[in-house]
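Enquirer: Below are the structure tokens for one structure; questions will follow.
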Amino acid sequence: MAGAATQVSLESAPRIMRLVAECSRSRARAGELRLPHGTVATPVFMPVGTQATMKGITTEQLDALGCRICLGNTYHLGLRPGPELIQKANGLHGFMNWPHNLLTDSGGFQMVSLVSLSEVTEEGVRFRSPYDGNETLLSPEKSVQIQNALGSDIIMQLDDVVSSTVTGPRVEEAMYRSIRWLDRCIAAHQRPDKQNLFAIIQGGLDADLRATCLEEMTKRDVPGFAIGGLSGGESKAQFWRMVALSTSRLPKDKPRYLMGVGYVVDRGARALPRFGSALVPTGNLQLRKKVFEKDFGPIDPECTCPTCQNHSRAFLHALLHSDNTAALHHLTVHNIAYQLQLMSAVRTSIVEKRFPDFVRDFMGTMYGDPTLCPTWATDALASVGITLG
Amino acid sequence: MKLSLTKVVNGCRLGKIKNLGKTRDHTMDIPGCLLYTKTGSAPHLTHHTLRNIHGVPAMVQLTLSSLAEHHEVLTEYKEGVGKFIGMPESLLYCSLHDPVSPCPAGYVTNKSASVWGVSGRVEMTVSKFMAIQQALQPDWFQCLSDGEVSCKEATSIKRARKSVDRSLLFLDNCLRLQEESEVLQKSVIIGVIEGGDVMEERLRSARETAKRPVGGFLLDGFQGNPTTLETRLRLLSSVTAELPEDKPRLISGISRPDEVLECIERGVDLFESFFPYQVTERGCALTFSFDYQPNPEETLLQQNGTQEEIKCVDHMKKIETTGCNQEITSFEINLKEKKYQEDFNPLVRGCSCYCCKNHTRAYIHHLLVTNELLAGVLLMMHNFEHYFGFFHSIREALKSDKLAQLKELIHRQAS
């Protein structure tokens, strides 16, 4: 199916995004995502639950932390336990007993990154299962079929993923192929009323290719867009430039999912918290280190999560040195709570029209001094009218 | 602290221990069990998930083996281990060893005993032992003792005698140091009955320990494999006969449902709850019934269920788990088995635990096959709740004079 994309249906996709507030200075926006399993306030952080579980925490704990959407991996679930079983269990929601929203990826990314013997053709991604050695083809149709069985609220198109460090004609090939695969996904999608198919903008680090991809994909009336092909080793400066370019050309009234970092974000330049052992405003704490042995305060005195309410750094340090897995669960609870709380604070600052101040405070806490803030971050913020210091 | 017996039936003691704890207002039921922990935390469980469990015992078991190496930290902390681990409201009992990990022999001397933690061996003289207890400030603690006789196969009389002598010496020294410690005035020392398999020494240990002002007794060295317990059960009866009625009797290393009942019949009050943990570690779920007076329809359904389980567990399977080579018992099902892949029933029908109310066997099977941590969390929640339910049924059976039915039910299911 080379050449121009096929004409899509003139019937418009549901508008699942409702804007609540916009920052007049930057492009940051707060909104509400209306999904089949409830409303989700944006910007939002989505915990990743690869194999129908959020590491060692229960769905009740996740719900209690305020999480309303999380992510599942089609590649893993497609292999174990497989879409047929999940369908019998009333979809992924039923299988893992999660009452709120789910987003599944297409399976393509893991396939290419995890499976050494994968091969991409126009048909799809051909690979060998690491569990039973069988050869399978993951085509756009098959990916959507699996995701239809999983029943997630947001599903992703199968895209031709190329690492952002790759240059040359492969990037262009992948970009155009992703458009063609988007159309095939749209055609194969059996449940547009129950599941929202997002397109994924590709084009690597080439501004022209990105622009072309944006122009073409936005002609398709999908409920939302993801920015893909980034956070794979490119420099942070390149990263934010491509993000900014992408968000500037995406329709205002549709949600944007920045892939690889688990954020559904509206336009805005923002520092991205990294996963560490325990997240705190100044970065992260490696609690196994001796320095925490006699530190009797909580991970973060401002945090309201059960870990910080009940336990000290010293206790967690001791527990981390034992073989009791509870140590990891305490940290998972805190880290998810921290990121959800952070997004909530970002959102509130946008609604209360003080987002630039929020960013300044945040960067100040993390880096101490405006001059210590990395260049890429300063530039990124400056580009949307936020100056530090 | 006051132990009141409601009744004694065929050697089984039913009652309550009142005025427990630093505030003297906690109560414990006997027969009962203690919540098993590793480094001060229930295995796999956080505050939230532990709270989900119904029937958690009032008293928590801590192990010195997991805490001794944190002595310095706890001393600096000053406020006691209960607060340190996030269980300020719980009653705490500190045992020497972890019942799940066997202790290497050859390390007890006339002056010291050792425990094994993550960082290795911690040797403790009586002074060091008491200094650690001062930092911990538990409600009850097992006195420093010589329990090595249980680690070996055959005990010489000489060795058995030594274990009694040493343990009494340690006890007298610890009691003396306790008198001098203000911090430990509210803590209770549990005297340890040793003596290996030598009747004479066991009786001597019981009589001598009972003369000391201890708060209760730990029956040590009765653990082993099921066959050794049989011989030791005779010893057990003789030992408990020598102990005062108004003080609690704990036993270490015994946690299987059938063995628990045998020990209760021989005057034991309190048990460790490490069995549900071992079941969890091998990816299994407790399913044995303790419903000794079900309705006829239920009996039929359960019998059909049990028959099926027994058919498939036709031989004991050896499972390699961390630290222990334990065999799957007939009290449990192995969720890793392929037949559970599409089983959308709860682990146990009618169970009110979080796992059974929210998840299916198929889901647990998936979590185990994919090596997900949540498997341990959910199984631990179920297994603890099921086990605590079993103890509740023991007390109910004793109350209504139906222990024989419960015993028969359990033995029918014990392979």
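Same order as they appear, the protein sequences are chains A and B. Per UniProt numbering, the first sequence starts with residue 1, numbered consecutively. Per UniProt numbering, the second sequence starts with residue 1, numbered consecutively. We put the CB at the ideal spot given by N, CA and C, even for glycine.
Run through DSSP, which three-state label would A:Thr-6 get?
Expert: The pLDDT assigned to A:Thr-6 is 40, lower than 50, so where the model puts this residue is not dependable; a value taken from the coordinates is nonetheless given after this. In the structure shown, A:Thr-6 sits in coil (DSSP, three-state: anything other than H, G, I, E or B).
Enquirer: Any idea if A:Lys-219 is buried or exposed, counting beta-carbon neighbours within 10 angstroms, 16 or more meaning buried?
Expert: So A:Lys-219 ends up on the exposed side.
Enquirer: If you pair each beta-carbon of the region 66-73 of chain B with each one of the region 282-290 of chain A, do three or more pairs fall below 8 Å?
Expert: Contact fails: fewer than three Cβ-Cβ distances are below 8 Å.
Enquirer: List the residues of chain B that A:Val-85 touches, going by C-beta distances under 9 Å, in chain order.
Expert: Note that residue 85 of chain A is Leu in the sequence shown here, rather than Val. Under the 9 Å cutoff, chain B gives Gln-341, Glu-342, Ala-362 and His-366.
Enquirer: Does DSSP put B:Arg-282 in a helix, a strand or coil?
Expert: It is coil, neither helix nor strand.
Enquirer: Taking the alpha helix (DSSP H) that A:Gly-224 falls in, what are its first and last residues?
Expert: Premise fails: A:Gly-224 lies in the beta strand (DSSP E), 224-227, not in any alpha helix (DSSP H).
Enquirer: Is the beta carbon of A:Pro-356 closer than 8 Å to that of A:Ser-26?
Expert: A contact, by the Cβ cut-off of 8 Å.
Enquirer: Determine, for B:Ser-273, whether the minimum Cβ-Cβ distance to residues of chain A falls below 8 Å.
Expert: No - not a single Cβ of chain A is within 8 Å of the one on B:Ser-273.
Enquirer: So what's B:Cys-353 in DSSP terms, helix, strand or just coil?
Expert: Residue state, collapsed to three classes: coil.
Enquirer: Of all the CB atoms in chain A, is at least one closer than 8 Å to the CB of residue 423 of chain B?
Expert: Shown here, chain B extends from 1 to 415; a query on residue 423 of chain B therefore has no answer.
Enquirer: Would you verify that the beta carbon of A:Val-333 is, or is not, closer than 8 Å to some beta carbon of chain B?
Expert: A:Val-333 counts as touching chain B.
Enquirer: In chain order, what residues of the same chain lie with their CB nearer than 6 Å to the CB of B:Lys-7, ignoring the 5 residues before and after it?
Expert: Closer than 6 Å at Cβ, skipping near neighbours: Leu-14.
Enquirer: Could you spell out the range, first to last residue, of the alpha helix (DSSP H) harbouring B:Gln-413?
Expert: That run of the alpha helix (DSSP H) goes 403-413.
Enquirer: Whole angstroms are fine: how far does the CA of B:Leu-45 sit from the CA of B:Asp-343?
Expert: C-alpha separation (whole angstroms): 25 Å.
Enquirer: Strictly by DSSP, which residues pair up with B:Ile-328?
Expert: None; B:Ile-328 has no bridge partner.
Enquirer: Along chain B, which residues have their Cβ under 7 Å away from the Cβ of A:Ser-322?
Expert: Under the 7 Å cutoff, chain B gives Lys-38, Thr-39, Ser-66 and Val-118.
Enquirer: At a Cβ cut of 7 Å, what residues of the region 303-322 of chain A count as close to chain B, listed as they run along the chain?
Expert: The region 303-322 of chain A vs chain B, Cβ under 7 Å: Pro-306, Asn-310, His-311, Ala-314, Phe-315, Ala-318, Leu-319, His-321 and Ser-322.
Enquirer: Is it the case that the Cβ atoms of B:Leu-218 and B:Gln-142 are separated by a distance below 8 Å?
Expert: Yes.
Enquirer: So, is the C-beta of A:Lys-88 closer than 8 Å to a C-beta in chain B?
Expert: Taking Cβ atoms only, chain B reaches closer than 8 Å to A:Lys-88, which makes this a yes.
Enquirer: Report the rounded CA-to-CA distance for A:Arg-210 versus A:Gly-168, giving the unit in angstroms.
Expert: Cα-Cα distance, rounded: 14 Å.
Enquirer: Check whether the Cβ atoms of A:Asp-132 and A:His-100 sit closer than 8 Å, and answer yes or no.
Expert: No.
Enquirer: Which of helix, strand or coil does DSSP assign to B:Phe-390?
Expert: Helix, per DSSP.
Enquirer: Following the continuous beta strand (DSSP E) through B:Glu-123, name the residue where it begins and the one where it ends.
Expert: Unbroken beta strand (DSSP E) run through B:Glu-123: 120-125.
Enquirer: Which residues mark the beginning and the end of the beta strand (DSSP E) in which A:Met-156 is found?
Expert: It spans 154-156 - the beta strand (DSSP E) in which A:Met-156 sits, taken as one unbroken run.
Enquirer: In chain order, what are the residue ranges of uninterrupted beta strand (DSSP E) at least 3 long that sit wholly in the region 94-171 of chain A?
Expert: List check, beta strand (DSSP E) in window: 101-104, 125-128, 135-138 and 154-156.
Enquirer: If A:Leu-103 and A:Ser-152 are in contact, beta carbons under 8 Å, what's the gap, nearest whole angstrom?
Expert: Right, the Cβ-Cβ distance comes to about 6 Å (below 8 Å), so this counts as a contact.
Enquirer: Compute the distance between the beta-carbons of B:Tyr-77 and B:Phe-84, then report whether it is under 8 Å.
Expert: Their beta carbons are under 8 Å apart, which means B:Tyr-77 touches B:Phe-84 by this criterion.
Enquirer: Need the endpoints of the alpha helix (DSSP H) that A:His-317 sits in, please.
Expert: A:His-317 -> alpha helix (DSSP H) spans 313-320.
Enquirer: Assign A:Arg-288 to one of three DSSP states: helix, strand, or coil.
Expert: Correct three-state label for A:Arg-288: coil.
Enquirer: With DSSP as the reference, please indicate the residues paired to B:Gln-142 in a beta bridge.
Expert: According to DSSP, which records beta bridges pairwise, B:Gln-142 is partnered with B:Ile-190.
Enquirer: With a threshold of 8 Å, are at least 3 pairs of Cβ atoms found where one atom belongs to the region 30-47 of chain B and the other to the region 272-290 of chain B?
Expert: Yes: the two stretches touch, three or more of their Cβ pairs being nearer than 8 Å.
Enquirer: Which residue from A:Val-161, A:Gly-229 and A:Gly-66 puts its Cα closest to that of A:Gly-38?
Expert: When only C-alpha atoms are compared, the closest one is A:Gly-66.
Enquirer: Hey, how far is the Cα of B:Ile-251 from the Cα of A:Pro-81?
Expert: Their backbone Cα atoms lie some 43 Å apart in a straight line.
Enquirer: How would you call B:His-411, buried or exposed, if buried means at least 16 neighbouring beta carbons within 10 angstroms?
Expert: Exposed, since its Cβ has fewer than 16 Cβ neighbours within 10 Å.
Enquirer: Count the CB pairs spanning the region 206-213 of chain B and the region 165-180 of chain B that are closer than 8 Å, and state whether there are at least three.
Expert: Enough Cβ pairs lie closer than 8 Å, so yes.
Enquirer: On the criterion of 16 or more Cβ atoms from any shown chain inside 10 Å, does A:Ser-113 qualify as buried, or is it exposed?
Expert: So A:Ser-113 counts as exposed.
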